[in-house]
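Colleague:
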Amino acid sequence: MVKVNLAGLELKNPVMSASGTFGYGEEFAEFFDLSLMGAVVCKTITLKQREGNKPPRIADFSGGMLNSIGLENKGAEYFVQTALPFLEKYDTKVFASIAGNDAGEYGALAARLSAEPRMHAIEINLSCPNVTHGCGRGLFCQNAQTSAQIVAAVKAAAKKPVFAKLSAMVSDITQIARACQEAGADGLTLINTLPAMMVDLKTRKPAVGNASGGLSGGCIKPVALKTVWDVYRAVKIPIIGSGGIMNANDALEFILCGASAVQIGSANFVNPLACKEIAEGIEEYFQKNNLRDITQLRGQLKI
Ligand SMILES: Cc1cc2nc3c(=O)[nH]c(=O)nc-3n(C[C@H](O)[C@H](O)[C@H](O)COP(=O)(O)O)c2cc1C
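Quick note on this note's numbering: the sequence shown kicks off at 4 and runs consecutively.
#1: What separation, rounded to the nearest whole angstrom, lies between the Cα atoms of Ala-118 and Cys-183?
#2: Taking Cβ positions, are Ser-22 and Ser-130 nearer each other than 8 Å?
#3: Which same chain residues end up closer than 7 Å to Pro-3 when comparing Cβ atoms and leaving out the 5 residues on each side of it in sequence?
#4: Hey, is Asn-70 close to ligand 1, as in C-beta under 7 Å from one of its heavy atoms?
#5: Considering Ile-176, what are the terminal residues of the alpha helix (DSSP H) in which it resides?
#6: Rounded to whole angstroms, what is the Cα-Cα separation between Phe-31 and Leu-276?
#7: DSSP puts Thr-230 in a beta bridge; with which residues?
#8: Taking buried to mean at least 16 other C-beta atoms within 10 Å of its own C-beta, is Leu-204 buried or exposed?
#9: Just to confirm, are Pro-314 and Met-172 a CB contact at a threshold of 8 Å?
#10: Determine contact between the region 12–27 and the region 272–289, defined as no fewer than three beta-carbon pairs at a distance below 8 Å.
#11: Helix or strand or just coil, what does DSSP make of Ser-245?
#12: Are there any heavy atoms of ligand 1 lying less than 7 Å away from the beta-carbon of Cys-131, as far as the coordinates show?
#13: Note down the Cα distance separating Thr-95 from Ala-42, rounded to an integer number of angstroms.
#14: Between Thr-149 and Lys-51, what straight-line distance do the alpha-carbon atoms span, to the nearest angstrom?
#15: Who does Asn-8 pair with in a DSSP beta bridge?
#16: From the DSSP output, read off the bridge partner residues of Thr-192.
#17: Which of helix, strand or coil does DSSP assign to Pro-132?
#18: Do Val-231 and Thr-177 have their C-beta atoms closer together than 8 Å?
#19: Per DSSP, what are the beta-bridge partners of Gln-266 in this structure?
#20: For a test of the three-state rule: what should DSSP assign to Gly-73, helix, strand or coil?
#21: Is the beta carbon of Lys-229 within less than 7 Å of some heavy atom of ligand 1?
#22: Would you give the residue range spanned by the alpha helix (DSSP H) that Lys-158 belongs to?
#23: Whole angstroms are fine: how far does the CA of Asn-76 sit from the CA of Ile-125?
#24: When you compare only the Cα positions, how much space is there between Pro-164 and Thr-206?
#25: Could you please give the first and the last residue of the uninterrupted alpha helix (DSSP H) stretch that includes Lys-291?
#26: Identify the continuous beta strand (DSSP E) that holds Leu-218 and give its terminal residues.
#27: Grab me the residues of Gln-145's own chain with a C-beta within less than 6 Å of its C-beta, minus the 5 sequence neighbours each way, in chain order.
#28: Quick one: what's got a C-beta closer than 7 Å to Leu-56's C-beta in the same chain, skipping five residues either side?
#29: Can you check whether the CB of Gly-244 is closer than 8 Å to the CB of Ala-227?
#30: How far does the alpha helix (DSSP H) with Pro-88 in it reach, from first residue to last?
#31: Taking Ser-117 as part of the alpha helix (DSSP H), name the residues at either end of that continuous run.
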């Protein structure tokens, strides 16, 4: 078993679901045993219920997909009453993913969730491209100071490890990553979807109702790999890789570039068994190559 220690949290393998692509696992549990996963990262929640953006919310093309869900969710209480009791049945780690309008809201949500023994860690979504913050100021994670304020607020309220999820749509990702580390983040998730557009020539309309959305899938893997590699050399805290991981080889490439764990997102829409198969493929590669520990591969890219 390729075990992973993520900021003191022991995962039985490096495979996690990516927030928003797996619900809280209820539909995937019909296909495989969720106990085979290192961790389940739940859909991002906000304190109060959110409606989300107008449809259509998803479009796809040969290289990946575009979504403009807009953080639709039923709020924190629903999550505590529904998702956590469901996931308690499985021997896997549970990450809550949280978002808010300001540092105060992030902190309040972290405080509410931290009282729940069934939640093991918090992922702070600082990077959703489908919502506007304040006066249209873009993503929280595009500003190092704002990112640090939110991380500090969550860290002060949370009694569990805290991971900041960042975007590659910044001029210098290492600066943002370091700011999060200094503010107390226990780890980073890299990367969220990239702001993008698709248009329909026939109707002359954007492909998604919100006009633009977040790009994900195979086409973003090269961007995500470079981000992980750059940040790996800039910080000491563990990195969870996300972006275009469609199979076990993709996941292993992320580990080679410095990721301690990986998140599977768009692949879940193509193959509901993706998380299980990727965990098995990683295990097989480690056995074939006589690797006993993830540190024997992590960050070992030959430059
Ligand atoms: C339909 C959809 C919904 C998503 N919702 C969220 C979300 O609620 N919170 C979040 O942090 N990321 C969200 N993401 C981003 C994914 O978690 C992931 O970081 C991104 O899709 C890149 O990985 P991938 O290329 O493997 O899909 C969403 C992605 C998709 C495709």
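Idealized CB from N, CA, C, for every residue including glycine.
Modeller: Well, looking at it:
#1: Position 115 of the sequence shown holds residue 118. Position 180 of the sequence shown holds residue 183. Straight-line Cα distance between these residues: approximately 23 Å.
#2: Taking the sequence shown and counting its residues from 1, one reaches residue 22 at position 19. Taking the sequence shown and counting its residues from 1, one reaches residue 130 at position 127. No, these two residues do not count as a Cβ contact at 8 Å.
#3: Residue 3 is absent from the structure shown; the chain starts at 4 and stops at 306.
#4: Here residue 70 is taken as the residue at index 67 of the sequence shown, counted from 1. Yes, the Cβ of Asn-70 comes within 7 Å of a heavy atom of ligand 1.
#5: Locating residue 176 in the sequence shown gives position 173, where the first residue counts as 1. Its alpha helix (DSSP H) spans residues 176–185.
#6: On the sequence shown, residue 31 is found 28 positions in, with the first residue counted as 1. On the sequence shown, residue 276 is found 273 positions in, with the first residue counted as 1. Those two C-alpha atoms are separated by around 8 Å.
#7: For the purposes of this step, residue 230 is identified with residue 227 of the sequence shown, where counting begins at 1. Thr-230 is not bridged to any residue.
#8: Position 201 of the sequence shown holds residue 204. Leu-204 is exposed by the Cβ-count criterion.
#9: Nothing can be reported for residue 314, as the shown portion of the chain is limited to 4 through 306.
#10: yes
#11: Here residue 245 refers to the residue found at position 242 of the sequence shown. DSSP places Ser-245 in the strand class (E or B) of the three-state scheme.
#12: Taking the first residue of the sequence shown as position 1, residue 131 is located at position 128. Yes, ligand 1 has a heavy atom inside 7 Å of this Cβ.
#13: Within the sequence shown, residue 95 is the residue found at index 92, counting from 1. Within the sequence shown, residue 42 is the residue found at index 39, counting from 1. When rounded, the distance between both Cα atoms is 5 Å.
#14: What you label residue 149 is simply residue 146 of the sequence shown in a count that begins at 1. What you label residue 51 is simply residue 48 of the sequence shown in a count that begins at 1. Whole-angstrom Cα-Cα distance: 22 Å.
#15: Your numbering for residue 8 matches position 5 in the sequence shown. The partner list for Asn-8 (beta bridge, DSSP) reads Glu-13.
#16: Residue numbering aside, residue 192 sits at position 189 when the sequence shown is read from its first letter. Lys-168, Ile-243, per the DSSP bridge assignment.
#17: Here the question's residue 132 lines up with position 129 in the sequence shown. Three-state DSSP puts Pro-132 in coil, outside helix and strand.
#18: The residue you call residue 231 lines up with position 228 of the sequence shown. The residue you call residue 177 lines up with position 174 of the sequence shown. No.
#19: Counting from 1 along the sequence shown, the entry for residue 266 is found at position 263. DSSP lists Met-19, Ser-245 as partners of Gln-266.
#20: Against the sequence shown, residue 73 aligns to sequence position 70. Correct three-state label for Gly-73: coil.
#21: Mapped onto the sequence shown, residue 229 falls at position 226. The answer is no for Lys-229.
#22: Stepping through the sequence shown from its first residue, residue 158 is reached at position 155. Here the alpha helix (DSSP H) through Lys-158 covers 147–160.
#23: If you number the sequence shown from 1, residue 125 lands on position 122. If you number the sequence shown from 1, residue 76 lands on position 73. Distance from the CA atom of Ile-125 to the CA atom of Asn-76, rounded to whole angstroms, is 17 Å.
#24: The sequence position of residue 164 within the sequence shown is 161, counting from 1. The sequence position of residue 206 within the sequence shown is 203, counting from 1. Between Pro-164 and Thr-206, the C-alpha separation is close to 47 Å.
#25: Position 288 of the sequence shown, counting from 1, holds the residue named residue 291. Counting along the chain, the alpha helix (DSSP H) containing Lys-291 begins and ends at 277–291.
#26: Translated into positions along the sequence shown, residue 218 becomes position 215. Counting along the chain, the beta strand (DSSP E) containing Leu-218 begins and ends at 216–219.
#27: Your numbering for residue 145 matches position 142 in the sequence shown. Excluding positions up to five away in sequence, the list reads Val-173.
#28: Indexing the sequence shown from 1 puts residue 56 at position 53. Checking the sequence shown, residue 56 turns out to be Asn, not Leu. So the list reads Ser-71, Ile-72, Gly-73, Asn-133, Gly-212, Asn-213, once near-sequence residues are dropped.
#29: Stepping through the sequence shown from its first residue, residue 227 is reached at position 224. Stepping through the sequence shown from its first residue, residue 244 is reached at position 241. Yes, the Cβ-Cβ distance between Ala-227 and Gly-244 is below 8 Å.
#30: Sequence index remark: in the sequence shown, residue 88 carries index 85 (1-based). Run containing Pro-88: 87–90, per the alpha helix (DSSP H) assignment.
#31: What you label residue 117 is simply residue 114 of the sequence shown in a count that begins at 1. Its alpha helix (DSSP H) spans residues 106–117.
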